[in-house]
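> Have a look at this one before I ask anything.
2 protein chains.
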Amino acid sequence: MADEMQRIALARRPSGDPVPDDFELKTETAAEPTPGEVLVEVTHFSLDPYMRGRMDDAKSYAEPVPIGGTMTAQGVGRVIKSNADGFSEGDMVTGMTGWASHAVMTAEGATRIPEGVPPTAVLGVLGMPGFTGWYGLNDLGRPKSGETLVVAAATGPVGSMVGQLAKAHGLRTVAIAGGAEKCKMAEELYGFDAAIDHRAHDDASSLRKALAEAAPDGIDIYFENVGGKVLEAVIPLMNTFGRIPVCGMVAWYGGVEDASDRLPMLWRSVLVKRMAVTGFIIADHWDRFGDFQKDVAPRVMNDEIAWREDIAEGLENAPQTFIEMLKGGNTGKQIMKVI
Amino acid sequence: MADEMQRIALARRPSGDPVPDDFELKTETAAEPTPGEVLVEVTHFSLDPYMRGRMDDAKSYAEPVPIGGTMTAQGVGRVIKSNADGFSEGDMVTGMTGWASHAVMTAEGATRIPEGVPPTAVLGVLGMPGFTGWYGLNDLGRPKSGETLVVAAATGPVGSMVGQLAKAHGLRTVAIAGGAEKCKMAEELYGFDAAIDHRAHDDASSLRKALAEAAPDGIDIYFENVGGKVLEAVIPLMNTFGRIPVCGMVAWYGGVEDASDRLPMLWRSVLVKRMAVTGFIIADHWDRFGDFQKDVAPRVMNDEIAWREDIAEGLENAPQTFIEMLKGGNTGKQIMKVI
Chain Z
8 MADEMQRIAL ARRPSGDPVP DDFELKTETA AEPTPGEVLV EVTHFSLDPY MRGRMDDAKS
68 YAEPVPIGGT MTAQGVGRVI KSNADGFSEG DMVTGMTGWA SHAVMTAEGA TRIPEGVPPT
128 AVLGVLGMPG FTGWYGLNDL GRPKSGETLV VAAATGPVGS MVGQLAKAHG LRTVAIAGGA
188 EKCKMAEELY GFDAAIDHRA HDDASSLRKA LAEAAPDGID IYFENVGGKV LEAVIPLMNT
248 FGRIPVCGMV AWYGGVEDAS DRLPMLWRSV LVKRMAVTGF IIADHWDRFG DFQKDVAPRV
308 MNDEIAWRED IAEGLENAPQ TFIEMLKGGN TGKQIMKVI
Chain R
8 MADEMQRIAL ARRPSGDPVP DDFELKTETA AEPTPGEVLV EVTHFSLDPY MRGRMDDAKS
68 YAEPVPIGGT MTAQGVGRVI KSNADGFSEG DMVTGMTGWA SHAVMTAEGA TRIPEGVPPT
128 AVLGVLGMPG FTGWYGLNDL GRPKSGETLV VAAATGPVGS MVGQLAKAHG LRTVAIAGGA
188 EKCKMAEELY GFDAAIDHRA HDDASSLRKA LAEAAPDGID IYFENVGGKV LEAVIPLMNT
248 FGRIPVCGMV AWYGGVEDAS DRLPMLWRSV LVKRMAVTGF IIADHWDRFG DFQKDVAPRV
308 MNDEIAWRED IAEGLENAPQ TFIEMLKGGN TGKQIMKVI
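Residue numbers (the working numbering), protein chains in the order written: chain Z, 8 to 346; chain R, 8 to 346.
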């Protein structure tokens, strides 16, 4: 008997910040798994800022979500029908489920969740966000004891991983976060040496002043995931031979603030300070995923690395939760609980 | 008996493009070499775009020239008094002479010019400009056969080195140069596959159209030495995993053109295309100079690598020659002949 499923489709392309009418809840009949496939009942899926980029029809590293197509997401769930060797009903797996109650996945696209690992951890601290922070910091940031690191969205799953790993490497760590609650969390839960509330600073020069106080020896690594005024504030404070791994620019996903040309300022700093600016997409670096897990999973299980989740319930609430997350409404890794 | 010497001093800091009154010719008594020093009669010195940066009082990787101080330059000359072991009168040496007829140099700061090497070659093709092109292309550009390289100021001593080395690596090479004569020189003398006259394109979008035709498979390496509209034209044409070594931005040394904010466009490309942008100052990389010489000197002597000099005469004409060079008035490596 065919199962009924629900999914959130992209109804239209947003102009600027997404609004509820950009999404549509659809009820359909779940597909039957063909040979080599499994049908998964989704228990949770991840909401991440990168999904905003997939809603646009712009040339990017990934195909945009088509109009009517299911919003992209990594999820976890239980195999309820298996037509693939090596998978049985009841297995807990993770893969690209989309924003949906059910998903048909190929055996290659489904990964069993190891025993003892909390299933949702594979969406955050031990999944793509944690791996993004680990890879960008270690392979591109090249941290050295005594240096100073700055990361924004510092209580998010990427920023909190970057901060904790950098601290363990012996760096001074400076968090940028939105609001007093997140700043407290950055210092107390994630061990940042200082935290700056970007909402208390209207413009880049005010933010820069606060950063200069929090980073008296300058900035050696700016782990870039926001762009906008934070980037503008950071550039002049970068030290010679500074590194900027670039994995996101959430401040610019919904449009760009009005500003005079900041390219010459950046370029001058790149040259004068011999900086290395490197964009990366974590999907290019799966060859390092095993090293990441080996390094980080034991530290997560030992509580050496802290992580927090915000779990919202109900597939139908995913659009609103996503909209609020883009505005900084969450404090931990945002996860949707479907059942 | 003390020798009389002449030197060009910085009279005042330029506002925008330098003008003759920013410089002053001074006649003084040459200093006597103290123990460990030599007095050199300068025969030639080099004029390079980086010197424009030293005229400003901005924080940079090198100290600005003080008002009244001698303009900086690498030069070549003959030892006329030696107070240092290992140097005799008549030795041909190179070092930082400044824009001057005579210079006192320490033994450490003076390098003997090898037999068989034309003295002025150490100011260009076998000196800092050639080394800059070699290091930036090989160590930061990481050229691979079949890729496409773009370099501006392509007939200059850096650009012509970059183009010829890239061609030898099996890349398609595209030159940007100012005027029909230089474009012809880029193709015929330096072997570029295509050459674009930037003077024929008023804005970045027109230049971009020409570049897109000359680089139909996109751009893998943009060797950056100019900034400005060339950079703006290039960014959207960069390929995934593209590399941008940044060693200069001559278009912006005298001020910045009026433009809307181009930082978000750059940043989006850095991320989406996973680009590596790396600033470098060749003085940080003297450890590679021996490798450079070993690789390039034989190819220069065998005429596998072409090089051209523009030699202007008379110390007193250095300011005007420099001013014209910044506007692209020269076609080869600009050198001043002092005697």
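For glycine and all other residues, C-beta sits at the position ideal for the given N, C-alpha and C.
Keep in mind that this is a model prediction, so the values were computed, not measured.
So, helix, strand or coil for R/T139, using DSSP?
R/T139: helix per DSSP, three-state reduction.
> From which residue to which residue does the alpha helix (DSSP H) around Z/R20 run?
Premise fails: Z/R20 is in no alpha helix (DSSP H) and is neither H nor E.
> Around the C-beta of Z/V284, are 16 or more other C-beta atoms found within 10 angstroms, so that it is buried, or is it exposed?
With 16 or more Cβ atoms within 10 Å of its Cβ, Z/V284 is classed as buried.
> For the stretch 243-252 of chain Z and the stretch 117-136 of chain Z, state whether three or more C-beta atom pairs, one from each stretch, are separated by less than 8 Å.
No, they do not touch.
> Out of R/V49, R/A16, R/E44 and R/E11, which has the shortest C-alpha to C-alpha gap to R/I342?
Residue R/V49 is the option with its Cα nearest to R/I342.
> R/M245 lies in the beta strand (DSSP E); which residues open and close that run?
Counting along the chain, the beta strand (DSSP E) containing R/M245 begins and ends at M245 to V253.
> Taking a Cβ distance cut-off of 8 Å, strictly less, list which residues of the stretch 21-49 of chain Z are near chain R, in chain order.
The stretch 21-49 of chain Z vs chain R, Cβ under 8 Å: nothing.
> Can you pull the chain R residues whose beta carbon is under 7 Å from the beta carbon of Z/S349, in chain order?
Not covered by the structure: residue 349 of chain Z. The range shown for chain Z is 8 to 346.
> So, with DSSP's three-state summary, where would you put Z/I242?
Residue state, collapsed to three classes: helix.
> Could you tell me whether the Cβ atoms of R/I251 and R/E231 are closer together than 9 Å?
Their beta carbons are under 9 Å apart, which means R/I251 touches R/E231 by this criterion.
> Can you list, in chain order, the residues of its chain whose CB lies under 7 Å from that of R/F199, leaving out five sequence neighbours each side?
The residues are A161, G170, T180, V181, A182 and A193.
> If I follow the unbroken alpha helix (DSSP H) through Z/E194, where does it start and stop?
A187 to E195 is the extent of the alpha helix (DSSP H) around Z/E194.
> Starting from R/S53 and walking both ways along the beta strand (DSSP E), at which residues does that stretch end?
E44 to S53 is the extent of the beta strand (DSSP E) around R/S53.
> For the beta strand (DSSP E) containing R/R179, name the first residue and the last one.
Segment R179 to A184, the beta strand (DSSP E) holding R/R179.
> Please classify R/R14 as buried or exposed, where buried requires at least 16 neighbouring CB atoms within 10 angstroms.
Buried, by the Cβ-count rule.
> Mapping DSSP to helix, strand and coil, what is R/T338?
Looking at R/T338 - three-state DSSP - the assignment turns out to be coil, as it is neither helix nor strand.
> Buried or exposed for R/I346, going by 16 or more other Cβ atoms inside 10 Å?
Classification for R/I346: exposed.
> Alpha carbon to alpha carbon, how far is R/V263 from Z/E70?
Their backbone Cα atoms lie some 37 Å apart in a straight line.
> Between which two residues does the alpha helix (DSSP H) containing Z/L156 stretch?
From DSSP, Z/L156 is part of no alpha helix (DSSP H) but of the beta strand (DSSP E) over T155 to A159.
> From which residue to which residue does the alpha helix (DSSP H) around R/G84 run?
Premise fails: R/G84 lies in the beta strand (DSSP E), Q81 to S89, not in any alpha helix (DSSP H).
> Cβ of Z/A207 within 9 Å of Cβ of Z/A222?
The answer is no: Cβ separation not under 9 Å.
> Are the beta-carbon atoms belonging to R/V257 and R/M168 less than 9 Å from one another?
Result no, Cβ atoms of R/V257 and R/M168 do not sit closer than 9 Å.
> Against chain Z, which members of the stretch 269-301 of chain R pass a CB distance test of less than 9 Å?
Here the close residues are R269, L270, P271, M272, L273, W274, R275, S276, V277, L278, V279, K280, R281, M282, A283, V284, T285, G286, F287, I288 and D291.
> I'd like to know whether the C-beta atoms of R/V124 and R/V47 end up nearer to each other than 9 Å.
Their beta carbons are not under 9 Å apart, which means R/V124 does not touch R/V47 by this criterion.
> To the nearest angstrom, report how far apart Z/G84 and Z/D28 are at their CA atoms.
Computed Cα separation, rounded: 28 Å.
> Within 10 angstroms of the Cβ of Z/E154, are there 16 or more other Cβ atoms? Answer buried if so, exposed if not.
That one is buried.
> Which residues, taken in chain order from the stretch 70-88 of chain R, show a beta carbon closer than 8 Å to some beta carbon of chain Z?
Residues passing the 8 Å Cβ filter: none.
> Let me see if you follow: with CB-CB separation under 9 Å, is R/W2 close to chain Z or not?
Any answer about residue 2 of chain R is impossible in this case: the structure gives chain R only from 8 up to 346.
> Which residues of chain Z have a Cβ atom closer than 9 Å to the Cβ of R/G255, listed in chain order?
Going along chain Z in sequence order, the residues near R/G255 (Cβ under 9 Å) are L278.
> Distance cutoff 9 Å, beta carbons only. Does Z/V263 sit that close to anything in chain R?
Taking Cβ atoms only, chain R reaches closer than 9 Å to Z/V263, which makes this a yes.
> Around the Cβ of Z/D227, are there at least 16 other Cβ atoms within 10 angstroms (buried) or fewer (exposed)?
Buried, since its Cβ has 16 or more Cβ neighbours within 10 Å.
> Kindly indicate which residue of Z/K280, Z/F329, Z/R149 and Z/V100 has the alpha-carbon position closest to the one of R/A65.
Of Z/K280, Z/F329, Z/R149 and Z/V100, the residue nearest in Cα terms is Z/K280.
> For chain Z, check one thing: does any of its Cβ atoms lie closer than 9 Å to the Cβ of R/E311?
Taking Cβ atoms only, chain Z never reaches closer than 9 Å to R/E311, which makes this a no.
> Would you kindly report the start and end of the unbroken beta strand (DSSP E) that includes R/F299?
First-last for R/F299: F296 to M308, but that is the alpha helix (DSSP H), not the beta strand (DSSP E).
> If we count the other Cβ atoms within 10 Å of its Cβ and call it buried at 16 or more, is R/T127 buried or exposed?
Per the 10 Å Cβ criterion, buried.
> Leaving out the 5 sequence neighbours to the left and right, which residues in its chain are closer than 6 Å to Z/H292 when beta-carbon positions are compared?
For Z/H292, where only same-chain residues beyond five positions count, the Cβ hits under 6 Å are Y142.
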